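Take the sequence shown: its position 44, counting from 1, is numbered 290 in my numbering, and each next residue is one higher. Note that the Cβ used here is the ideal one computed from N, Cα and C, for glycine as well. None of the values given here were measured: they were computed from a predicted structure. Notes to accompany the following structure.
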Amino acid sequence: MNESYLRNIIEAALLAAGGPLAVAELTRLFDERMRPSAQAVRAALESLAAEYAGRGIELKETASGFRIQVRRELAAEISRLWPERAARYSRALLETLALIAYRQPITRAEIEAVRGVAVNPNIIRTVIERNWVRVVGHRDVPGHPELLGTTRDFLDYFGLRGIDELPPLAAVQTMGDVNLQLALAAEDAAAAAGELPAAPVADISEAEESREDDERSAEGGGSAELVAAGADSGG
């Protein structure tokens, strides 16, 4: 098969798919008589990645496969195509999601013990509805509480091939509290531009966020505990 033709088909499929495609899915695009090997598909993907070097798009491998996306460093500028107010995640949701990612499998009670405040049921419902988190089992203790862990969609959304690609906890600590209240304008723009899968975003109000911060301050919880917990777990 002509190498240029193979590369063009793969590029077109990645642009049209709206999500990551695995190598096996890419090979099935072709008739059996002329179906390329997985090695040939990977070579074409490497060629595309090299071709995109220095351009505004890149080829990214995630847990579910490969996708073409806008480069993250350009997301702020591209976000101006969508001037609507960006939805935001609360500090509480991001801290809860981080604890699940770094210490999975983990129960809701264990999350509350680290954060020092009760977990709002809406937070757990939101991350499960977004398919970022799922129940992976039950702890063998009285009550058999649910164990929570991240999903493949979580990895895809954040551009990771596996949990081992999460940044070290020391790096998370140096980001500071501001990054626990991320304004997602750039992320929303990236989703619309093909970098991330578009989906409804939970918008937790500033009033609720402020109340949660007050609760944490009163009870001694906070980001430092989150980092310390991850460090204790070897993350």
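Flag this pair as touching only if the segment 390-406 and the segment 341-353 have three or more C-beta atom pairs under 8 Å; answer yes or no. Yes, the segment 390-406 touches the segment 341-353.
Roughly how many angstroms lie between the CA atoms of V365 and L412, to the nearest whole one? The residue labelled residue 365 in the question sits at position 119 within the sequence shown. The residue labelled residue 412 in the question sits at position 166 within the sequence shown. C-alpha separation (whole angstroms): 23 Å.
So, does the CB of L401 fall closer than 7 Å to a CB anywhere in chain B? No chain B is part of this structure, which consists of one protein chain only.
Apply the 10 Å Cβ neighbour rule to L261 and answer buried if 16 or more other Cβ atoms are within range, or exposed otherwise. On the sequence shown, residue 261 is found 15 positions in, with the first residue counted as 1. Residue environment analysis places L261 among the exposed positions, since fewer than 16 neighbouring C-beta atoms fall within 10 angstroms of its C-beta.
Tell me the DSSP secondary structure of L406 in three-state form. Here residue 406 refers to the residue found at position 160 when the sequence shown is read from its first residue. Reduced to three states, the DSSP call for L406 is coil.
With C-beta atoms as the reference, is T353 less than 7 Å away from R385? Reading the sequence shown from its first residue, position 107 is the one you call residue 353. Reading the sequence shown from its first residue, position 139 is the one you call residue 385. Contact: yes.
Report the residue ranges of all alpha helix (DSSP H) runs contained in full by the segment 283-332; include only those spanning at least 4 residues, in chain order. Here the runs fully enclosed are 284-298 and 321-324.
By DSSP's criteria, V373 is part of a beta bridge. Which residues make up the other side? Position 127 of the sequence shown, counted from the start, is the residue given in the question as residue 373. Answer is none; V373 lacks a bridge partner.
Identify which residue in V382, E330, G311 and Q350 has its Cα closest to the Cα of G264. To locate residue 264, count along the sequence shown from 1; it is residue 18. Ranking V382, E330, G311 and Q350 by Cα distance to G264 puts G311 first.
Counterpart residues of E341 in DSSP-defined beta bridges: Against the sequence shown, residue 341 aligns to sequence position 95. In DSSP, E341 forms no bridge with anything.
Terminal residues of the continuous alpha helix (DSSP H) containing E278? As a first step, residue 278 is located in the sequence shown; it is residue number 32 there, counting from the start. No alpha helix (DSSP H) contains E278, which DSSP labels as neither H nor E.
Rank L406, T372 and Y298 by C-alpha distance to the C-alpha of A338 and give the top, closest one. Here residue 338 refers to the residue found at position 92 of the sequence shown. Per the Cα distances, T372.
Return the chain-ordered list of same chain residues with a C-beta closer than 8 Å to the C-beta of L320, the five sequence neighbours on each side being excluded. Position 74 of the sequence shown holds residue 320. Around L320: G302.
Which of the three DSSP states is assigned to V360 in this structure? Within the sequence shown, numbered from 1, the residue matching residue 360 stands at position 114. V360 falls in the helix class under three-state DSSP.
Within 10 angstroms of the Cβ of S325, are there 16 or more other Cβ atoms? Answer buried if so, exposed if not. Within the sequence shown, residue 325 is the residue found at index 79, counting from 1. By the neighbour-count definition (other C-beta atoms within 10 Å, threshold 16), S325 is a buried residue.
Using the Cα positions of E482 and L291, report the straight-line distance between them to the nearest angstrom. Limits of the chain in this structure are 247 at one end and 481 at the other, which puts residue 482 out of reach.
Count the other CB atoms, across all protein chains shown, that sit within 10 Å of the CB of E341; report buried if there are 16 or more and exposed otherwise. Locating residue 341 in the sequence shown gives position 95, counting from the first residue. Taking every protein chain shown into account, the CB of E341 has 16 or more other CB atoms within 10 angstroms, so this residue is buried.
Cβ of A259 within 7 Å of Cβ of L275? Position 13 of the sequence shown holds residue 259. Position 29 of the sequence shown holds residue 275. Against a cut-off of 7 Å, the Cβ pair of L275 and A259 comes out as a contact.
Going by Cα to Cα distance, which pick from S336, P414 and A309 is closest to P266? Here residue 266 refers to the residue found at position 20 when the sequence shown is read from its first residue. The option with the nearest alpha carbon to P266 is A309.
Going by CA-CA distance only, name the one from P414, F400, H390 and G362 that's closest to W378. Counting from one through the sequence shown, the residue named residue 378 turns up at place 132. For the set P414, F400, H390 and G362, the Cα lying nearest the Cα of W378 is the one of F400.
Suppose the cutoff is 6 Å on Cβ atoms and the five residues either side in sequence are ignored; what does the same chain contact list for V382 look like? Walking along the sequence shown from the start, residue 382 turns up at place 136. The residues are P351, L393 and G395.
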